[in-house]
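Novice:
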Amino acid sequence: MSSEQAAPPPLHGGALAIVAVALALGTFMQVLDSTIANVALNTISGNLGEASSTATWVITAFAVANGVTVPLTGWLMRRFGVVNTFIASVSLFTLASFLCGIAWSLPSLIAFRLLQGAVSGPMIPGSQALLLAIFPPEKRTVGLSIWSMTALIGPVLGPILGGYISDNYHWGWIFLINVPVGFLTVGVLMAKMRPYNTPPVKMKLDVGGVALLMLWVGALQVMLDLGKDEDWFNSPFICGAAVVAVVGFIAWLIWELTEENPAVDLSLFKSRNFAIGTSCFCLGYGFFFASNLLMPLWLQTQQNYTATWAGIVSAPAGMVAFLLAPFVARAAGSLDLRYVATYALLAFTASYFLRTGFTPDTDLWHLLLPSIVQGTAMGTFFMSMTTLSFDRLPPHRIPSASGISNFARITGGAFSASITTTFWDRRETLHQSRLAESAHIANPAYVQAMDQLQHAGMTKLQATGALTRTLINQSYLMASIDIFWFAGVGCIGILGLLWMSRKPAPQPKGAAPVAAD
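When you read off a place in the sequence shown, starting at 1, and then add 291, the result is the number in my numbering.
#1: Which residue marks the beginning of the alpha helix (DSSP H) containing N375, and which one marks its end?
#2: According to DSSP, simplified to helix, strand and coil, what is D681?
#3: Under a Cβ-count criterion, where at least 16 other Cβ atoms within 10 Å of its own Cβ denotes burial, should M414 be classed as buried or exposed?
#4: Within 10 angstroms of its Cβ, does E551 collect 16 or more other Cβ (buried), or is it exposed?
#5: Quick one: what does DSSP say S582 is sitting in, helix, strand or coil?
#6: Helix, strand or coil: how does DSSP classify P491 here?
#7: Taking the CB atoms as reference points, tell me whether V604 and S642 lie closer together than 8 angstroms.
#8: Can you give the Cα-Cα distance for G577 and Y460, rounded to whole angstroms?
#9: I need the DSSP call for P617, collapsed to helix, strand or coil.
#10: Compute the beta-carbon to beta-carbon distance between F649 and L726, rounded to the nearest angstrom, for a pair I have assumed lies under 8 angstroms.
#11: Please report the residue range of the alpha helix (DSSP H) in which E547 lies.
#12: Can you tell me whether DSSP reads R793 as helix, strand or coil?
#13: Under the three-state reduction of DSSP, which class applies to E719: helix, strand or coil?
#14: How would you write the range of the alpha helix (DSSP H) that A354 sits in, first residue to last?
#15: Looking at the structure shown, is S625 part of a helix, part of a strand, or coil, going by DSSP?
#16: With a 10 Å radius around its C-beta and 16 neighbouring C-beta atoms as the bar for buried, classify A807 as buried or exposed.
#17: First and last residue of the alpha helix (DSSP H) that includes I335?
#18: Below 7 angstroms CB to CB, which residues in the same chain sit around V619 once its five sequence neighbours on both sides are set aside?
#19: Residues in its own chain within less than 8 angstroms of L636 by CB, not counting five upstream and five downstream?
#20: With a threshold of 6 angstroms on Cβ separation, who are the neighbours of G434 within its own chain once the five nearest residues in sequence on each side are excluded?
#21: Which of helix, strand or coil does DSSP assign to D497?
#22: Assuming A608 contacts G568 (C-beta within less than 8 angstroms), just tell me the rounded distance between them.
#23: Pairing CB atoms from the region 454–473 with CB atoms from the region 392–401, are three or more of them under 8 angstroms?
#24: Quick check on DSSP: helix, strand or coil for S396?
#25: Reducing DSSP to helix, strand and coil, say where G473 ends up.
#26: Out of F775, G365 and V361, state which residue places its alpha-carbon closest to the alpha-carbon of L645.
#27: Report buried or exposed for V780, applying the criterion of at least 16 other Cβ atoms within 10 angstroms of its Cβ.
#28: When the Cα of I689 is compared with those of N338, S325, L323 and V373, which residue comes out closest?
#29: If contact is defined by three or more beta carbon pairs under 8 angstroms, each pair taking one atom from either stretch, is the region 499–510 in contact with the region 531–541?
#30: Which residues in the same chain as Q419 place their Cβ atom closer than 6 angstroms to its Cβ, once the five residues preceding and following it in sequence are excluded?
#31: Can you check the region 628–662 for any alpha helix (DSSP H) of at least 4 residues that lies completely inside it and give the ranges in chain order?
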C-alpha cells in the first residue's frame, strides 16, 4: 500500500484533539515509568524484605528490555501494522503495570518490570509516528511539539511523583496509576485510529540480528546500571559486561549491514541529516538528562529540600515548555530548523552556566531562573532534532527512523545517568580533599569558625562535625558546578555538528501524512 493510494486524511477539530491527547498520554506513561521507581527503591526493598542493592534490578530489568525492543519498532510496525502494534503495546503495558502494582515479592516485581520494559518499546516511537500521521502537513510541527512536551515532562515528574507516592501511599500505586490512563488511551485509539493502520507485511524474522541486539544492549544496560555500585572496571563482572557489549555490538553491526531483511534498518544512517540529527539528539539529551538528574539529587541530599520542593524547582522547565509549544510550532514552520535548534542549544547552555553560580545560600528565585530558561529550550530542541532527523525520509521509513532515534536518545540518557552520578561522587572526593587541606589550626579562618561555633554553645567535637558537614556540602556543590560547566560547553560543541547538516527541505502543503504508509 502506498501512501498516495490509501493514506487516510488527517484529523481535524475535536477528533484531532482527543486522539492527540490519547497518544500523548501513551508517551507520558512510558517515559514516566522509566524514572518513577528510581526514588522508591528503598521503600520497595524494605517492604519486600530485600536489600537495596538487589532492588536496583527493578530499574535494570526495565531498561534492558526496553532498550532491546525500541530499535525493533520499525520491524514490528511493518509486520503487524502501525496502529495494531501501538495499541497492543499500550494494552500489554497497562497489564504489566497492574502486575507490577500487585507484585508479592522482589523476583515477581523484577519479572513484571522486564515484561513492562519489553512491551513498552514501540510506545514512544509509535506515538511519534502516529502524531505525524493525524496532523495536517502544515500543522505537523504542532504534533511534534506535543510529543516533545510529554517526552520531556515525564523524566522531570517521574522522581517527584514516585517519591511522593512512596512516602505517603503504598509503593504499588507507582505502577497502578497507569491502569486507568492505559484503558482510556486504548479506548480512544480503537475508536478513532483503525483507518490509520497499515496492512501487515509478512516478513522473515531476523533471528540472528535480534539475538545479537539482545546480547549487546542487555550487557550495556547492566554495565551502566550496576557499574557505580560495582566500582566500574575494578569489578570483573563489569569488565565482562563491557567486553560482551563491545563484541556483541560489532558483531551486530556486521550482521545487520549484510542481512537482506535486517531487524534494524541501519541504512538510514546514509542520510546525512538523519545521522547528524540523531547524534545531536543523543548528545543533547544526555546533557539535559544529566542536569535534570543532578538538580533534585543535590537539592535533596545537600540542601535538605523535600521531594516536593525539589520538584517545584524543576517544574518551571516543563510548564514554560508546555506554554510555549503552540508558538514554537507556529514559528518553526517558516524557519530553517537549524536556527531553531541553535537557539535551543544556546538556551540550554545559558541555563547550565546560570547554575554554575549557585552557592549554599542561593534563594529559590535564583534556583528557578535556570529552569525557566531551560524550559524555553526544551520543546524547540526535541521538535527541531526530530524534524531534522526525519528530513527527506520516505513515509514508510519513519517508524524505523523513530525507533532508532529514540533508542539513541534513551541510550544517551542511560550513559548520562551513570557517568553523572559517578563523576559527581569522584569530583566531590577531589574537592573535599583539597578543601580539607585548609581545615587546620594554622588557618586563621578555620580557627575563627571553630571559636564562633563554640561560643554559640557547641562542644569542640560538635563544632568540628559542623565544619566537616559544611566542607562536604561545599564539595558536592563544587562537583555539581563542574558538571554544569561541562554540560554547557558540551552543548556549544554540538552546534558544530549541527551545522554540518543540510538545510531541511520545506514540508509541502498537501503532502501525505508521514507515518501513514
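Virtual Cβ for every residue (Gly too), placed ideally from N, Cα, C.
Specialist: In short:
#1: Sequence index remark: in the sequence shown, residue 375 carries index 84 (1-based). V373 to G392 is the span of the alpha helix (DSSP H), which, as asked, contains N375.
#2: Position 390 of the sequence shown, counted from the first residue, corresponds to residue 681. Before going further, note that residue 681 is Phe rather than Asp in the sequence given. DSSP places F681 in coil when its eight states are reduced to three.
#3: Here the question's residue 414 lines up with position 123 in the sequence shown. The residue in question, M414, is buried, as its Cβ has 16 or more Cβ neighbours within 10 Å.
#4: The residue labelled residue 551 in the question sits at position 260 within the sequence shown. The residue in question, E551, is exposed, as its Cβ has fewer than 16 Cβ neighbours within 10 Å.
#5: Against the sequence shown, residue 582 aligns to sequence position 291. In the structure shown, S582 sits in a helix (DSSP, three-state: H, G or I).
#6: The residue you call residue 491 lines up with position 200 of the sequence shown. The answer is coil: DSSP assigns P491 none of H, G, I, E or B.
#7: For the purposes of this step, residue 604 is identified with residue 313 of the sequence shown, where counting begins at 1. For the purposes of this step, residue 642 is identified with residue 351 of the sequence shown, where counting begins at 1. Contact flag unset, no.
#8: Here residue 577 refers to the residue found at position 286 when the sequence shown is read from its first residue. Here residue 460 refers to the residue found at position 169 when the sequence shown is read from its first residue. Those two C-alpha atoms are separated by around 32 angstroms.
#9: For the purposes of this step, residue 617 is taken as residue 326 along the sequence shown, with counting starting at 1. Helix at P617.
#10: Within the sequence shown, numbered from 1, the residue matching residue 649 stands at position 358. Within the sequence shown, numbered from 1, the residue matching residue 726 stands at position 435. Not a contact, Cβ separation roughly 17 angstroms.
#11: Working through the sequence shown from its first residue, we reach residue 547 at position 256. Start and end: P527 to T549.
#12: Mapped onto the sequence shown, residue 793 falls at position 502. Here R793 sits in coil by DSSP.
#13: Here residue 719 refers to the residue found at position 428 of the sequence shown. Three-state result, E719: helix.
#14: The count along the sequence shown starts at 1 and reaches residue 354 at position 63. Segment W348 to T360, the alpha helix (DSSP H) holding A354.
#15: One-based indexing of the sequence shown puts residue 625 at position 334. Looking at S625 - three-state DSSP - the assignment turns out to be coil, as it is neither helix nor strand.
#16: Position 516 of the sequence shown, counted from the start, is the residue given in the question as residue 807. The predicted model places A807 with a pLDDT of 32, which falls under 50 and marks its position as unreliable, so this point remains unresolved.
#17: Your numbering for residue 335 matches position 44 in the sequence shown. Taken as a continuous stretch (DSSP letters only), the alpha helix (DSSP H) holding I335 covers L332 to L339.
#18: Residue numbering aside, residue 619 sits at position 328 when the sequence shown is read from its first letter. Excluding sequence neighbours, V619 sits near S436, G670, T671 and M674.
#19: Mapped onto the sequence shown, residue 636 falls at position 345. Excluding sequence neighbours, L636 sits near G575, A668, F672, C782, I783, I785, L786 and L789.
#20: Position 143 of the sequence shown, counted from the start, is the residue given in the question as residue 434. Around G434: L422, L423 and F426.
#21: Here the question's residue 497 lines up with position 206 in the sequence shown. In this structure, D497 counts as coil in the three-state DSSP scheme.
#22: In the sequence shown, counting from the first residue as 1, residue 608 sits at position 317. In the sequence shown, counting from the first residue as 1, residue 568 sits at position 277. A608 to G568, Cβ: 23 angstroms. No contact.
#23: yes
#24: Indexing the sequence shown from 1 puts residue 396 at position 105. Residue state, collapsed to three classes: coil.
#25: Indexing the sequence shown from 1 puts residue 473 at position 182. Correct three-state label for G473: helix.
#26: As a first step, residue 645 is located in the sequence shown; it is residue number 354 there, counting from the start. Of the candidates F775, G365 and V361, the one whose C-alpha sits nearest the C-alpha of L645 is F775.
#27: The sequence position of residue 780 within the sequence shown is 489, counting from 1. Label assigned to V780: exposed.
#28: Within the sequence shown, residue 689 is the residue found at index 398, counting from 1. Nearest C-alpha to I689: V373.
#29: yes
#30: Position 128 of the sequence shown, counting from 1, holds the residue named residue 419. Cβ within range, chain order: W438 and S693.
#31: 628–646
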